[in-house]
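Numbering (this note's numbering), first residue to last: 1166 to 1519. Glycine included, each C-beta is placed from N, C-alpha and C at the ideal position.
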Amino acid sequence: MTRKLQTCLLLTVATVAITFTSVSAAYGQGTWTSLAPVPAATEGMSVGGSGRQIIAAYGFSPGSGDTDLTRLYNIKTNTWGFGLAGPGGPSSEESYGETFEDGFFYVIGGRTGGTPRNDLRRYDPISNTWTVLAPMPTARAGAAAAFIDDALFVIGGRMATGGPCTGPALSVVERYDIKTNTWSTVASLPTHRSDLAAVRHEGKIFVFGGCDGFGNFTNEVDEYRPRIDTWTLRTPMPTRRASLVAGQACGDDVFAIGGFTGGPPLSVNEVFDISDDSWSTAAPMPTPRGEAGVHSHRGRVFVVGGSQPAFGASVNANEVFKPQCKKRHEGDDDDEDRDRDDRDRDNRHRGDRD
């Protein structure tokens, strides 16, 4: 091989390497935008939504304590309103995760003052009504939750009510059948954890982080397969933490955002690639916090409310993260079509629930 040919090949390889590195770095960052703040600083809300509406129910506010408010955020107009107050009185620290399914929003467990709750509450945003469903077998706060195939899975948590990581954690996992309004117990979480995060993806549930209530924070990541009722360890998070949120915006990627490790709140934003079982870093959240709520919508992750430990120092921050996805998700016209499809789908399913 001639020296000239060797030089050309080396330059080609170097160019490809530089190009690949640049694309990876750009893809990993993304941008954050501050939105209309939550009407009052609040932590420990249940957050979810469909289409252009985000629901942020219950939660703790320093001025009033636990609340029963149903806060409604319109993504398109960047404004807040209120729905009917939730049943069962004020509460907070209900199961964390996106618990909106087939047109309804579910609120699971939590705490009222010093008492853990086991009630299951369902909100209908179209009729602005709440329904109380069959109670969960295990009363708890600080659990994680996710839906798979018309079933709600509630994972871990704690019976202590003094805030995140304040008491022994649980490993119990309970399954709620939407069609029969009944509960059953399934395979336990591999480790006792509370104040963890969960997302669903392609028929599986992925659980991130948490704490054991004895001062130990974990970076553990587990995958649950409901069809065979088994748990599998995945690659751990780079940062140990609890009270974080997890959202999805880019295909197989999950964004694990914020949290705390017993000290100051975190702004870290780490990206888990489910298909590669690997981690990378994205742009940090502008307002460091734990005990926030999360909603993923069309290539964006909304992080709502939260607290800057010690808990009780609630914030009203409402911020959205837009990663640089490999595939474009955004676009107002496309969003309107998709939101209409979401509403049509939800309305088709509601007849089975009413």
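Kindly identify the DSSP beta-bridge partner or partners of D1289.
-> Secondary-structure assignment with DSSP links D1289 through a beta bridge to T1294.
Taking N1481 and A1205 to be in contact with their CB atoms under 8 Å, please state how far apart those CB atoms are, rounded to whole angstroms.
-> Between N1481 and A1205 the beta-carbon gap is near 6 Å, inside 8 Å, which marks them as a contact.
Rounded to whole angstroms, how far is the Cβ of G1224 from the Cβ of E1208, which I believe are closer than 8 Å?
-> Contact between G1224 and E1208 holds, since their C-beta atoms are separated by about 6 Å, short of 8 Å.
Roughly how many angstroms separate the alpha carbons of S1189 and P1227, rounded to a whole number?
-> For S1189, the predicted model reports a pLDDT of 32, less than 50, meaning its position is unreliable; a value from the coordinates is still stated below. Rounded to whole angstroms, S1189 to P1227 spans 42 Å at the Cα level.
Name the DSSP beta bridge partners of F1476, please?
-> Its beta-bridge partners do not exist; DSSP assigns none.
Under the assumption that S1349 contacts R1323 (Cβ atoms under 8 Å), give the Cβ distance between them as a whole number of angstroms.
-> The pair is not a contact, with the Cβ atoms about 21 Å apart (cut-off 8 Å).
Measure the beta-carbon distance from G1412 to S1461 and round it to whole angstroms, keeping in mind my assumption that it falls under 8 Å.
-> Rounded, the Cβ-Cβ distance is 4 Å, consistent with contact.
Kindly list the residues whose CB is nearer than 7 Å to the CB of I1309, restricted to its own chain and excluding five residues on each side of it in sequence; keep chain order.
-> The displayed chain sequence assigns Ala, not Ile, to residue 1309. A distance below 7 Å between beta-carbons, with the five flanking residues on each side excluded, links A1309 to the following residues of its chain, in chain order: S1260, Y1261, G1262, I1320, G1321, L1361, A1362, A1363 and V1372.
If we count the other Cβ atoms within 10 Å of its Cβ and call it buried at 16 or more, is Q1218 buried or exposed?
-> So Q1218 ends up on the buried side.
Within the region 1236 to 1292, note down every full beta strand (DSSP E) run reaching 3 residues or more, in order along the chain.
-> You should have 1244 to 1247, 1269 to 1277 and 1280 to 1289.
Inter-residue spacing [alpha-carbon to alpha-carbon] between A1586 and P1429 = With the chain covering only 1166 through 1519, there is no way to say anything about residue 1586.
From E1388 to V1297, what distance separates their C-alpha atoms?
-> Each residue's Cα considered, the two are about 30 Å apart.
Between which two residues does the beta strand (DSSP E) harbouring F1379 extend?
-> Per DSSP, F1379 belongs to no beta strand (DSSP E) and is neither H nor E.
By DSSP, does Q1194 sit in helix, in strand, or in coil?
-> Look at Q1194 here: in three-state DSSP terms it is helix.
Assuming V1485 contacts L1200 (C-beta within less than 8 Å), just tell me the rounded distance between them.
-> The distance from the Cβ of V1485 to that of L1200 is about 6 Å, consistent with a contact at the 8 Å cut-off.
CA-CA distance, V1419 and P1329?
-> The alpha-carbon atoms of V1419 and P1329 are separated by roughly 22 Å.
Since R1340 is in the beta strand (DSSP E), which residue starts that stretch and which ends it?
-> DSSP places R1340 in the uninterrupted beta strand (DSSP E) bounded by V1338 to D1342.
Residues in its own chain within less than 6 Å of V1272 by CB, not counting five upstream and five downstream?
-> So the list reads S1211, A1222, E1259 and R1286, once near-sequence residues are dropped.
Straight-line CA distance for I1343 to E1385?
-> Spanning the two alpha carbons is a distance of roughly 29 Å.
Boundaries (first-last residue) of the beta strand (DSSP E) holding R1399 = That run of the beta strand (DSSP E) goes T1395 to R1399.
Beta strand (DSSP E) containing V1212: first to last residue?
-> V1212 -> beta strand (DSSP E) spans S1211 to S1215.
Looking only at its own chain, which residues have a Cβ that is under 6 Å from the Cβ of V1203, when we skip the five neighbours before and after it?
-> Close CB contacts of V1203 within its chain, under the 6 Å cut and outside five residues either way in sequence, are with G1470, N1481 and N1483 (chain order).
Would you mind stating whether F1437 and A1457 have Cβ atoms separated by less than 8 Å?
-> Contact flag unset, no.
What is the rounded straight-line gap between the Cα of S1336 and the Cα of W1197?
-> Spanning the two alpha carbons is a distance of roughly 34 Å.
Could you give the C-beta distance for R1405 and F1382, rounded to a whole number, given that I count them as a contact under 8 Å?
-> Right, their Cβ atoms sit about 4 Å apart.
In chain order, what residues of the same chain have a beta carbon less than 8 Å from the beta carbon of V1338, not counting five sequence neighbours either side?
-> F1318, V1319, I1320, G1321, T1350, V1351, A1352, S1353, L1354 and Y1389.
Check each candidate in W1444, Y1341, A1311 and A1407 and name the one with the smallest Cα separation from K1369.
-> For K1369, the closest of W1444, Y1341, A1311 and A1407 by C-alpha to C-alpha distance is A1311.
Among N1283, G1378 and I1393, which residue has its Cα nearest to the Cα of A1299?
-> With distances taken between Cα atoms, A1299 lies closest to N1283.
Identify every run of the beta strand (DSSP E) within the region 1313 to 1369, keeping only runs that are complete inside it and at least 3 residues long; order them along the chain.
-> Runs of the beta strand (DSSP E) lying entirely within the region 1313 to 1369, each at least 3 residues long, are 1316 to 1320, 1338 to 1342, 1347 to 1351 and 1362 to 1366 in chain order.
Could you check what DSSP says for D1442 in three-state terms: helix, strand or coil?
-> In the structure shown, D1442 sits in coil (DSSP, three-state: anything other than H, G, I, E or B).
Report the rounded CA-to-CA distance for T1356 versus P1474, giving the unit in angstroms.
-> For T1356 and P1474, the gap between their C-alpha atoms comes out near 24 Å.
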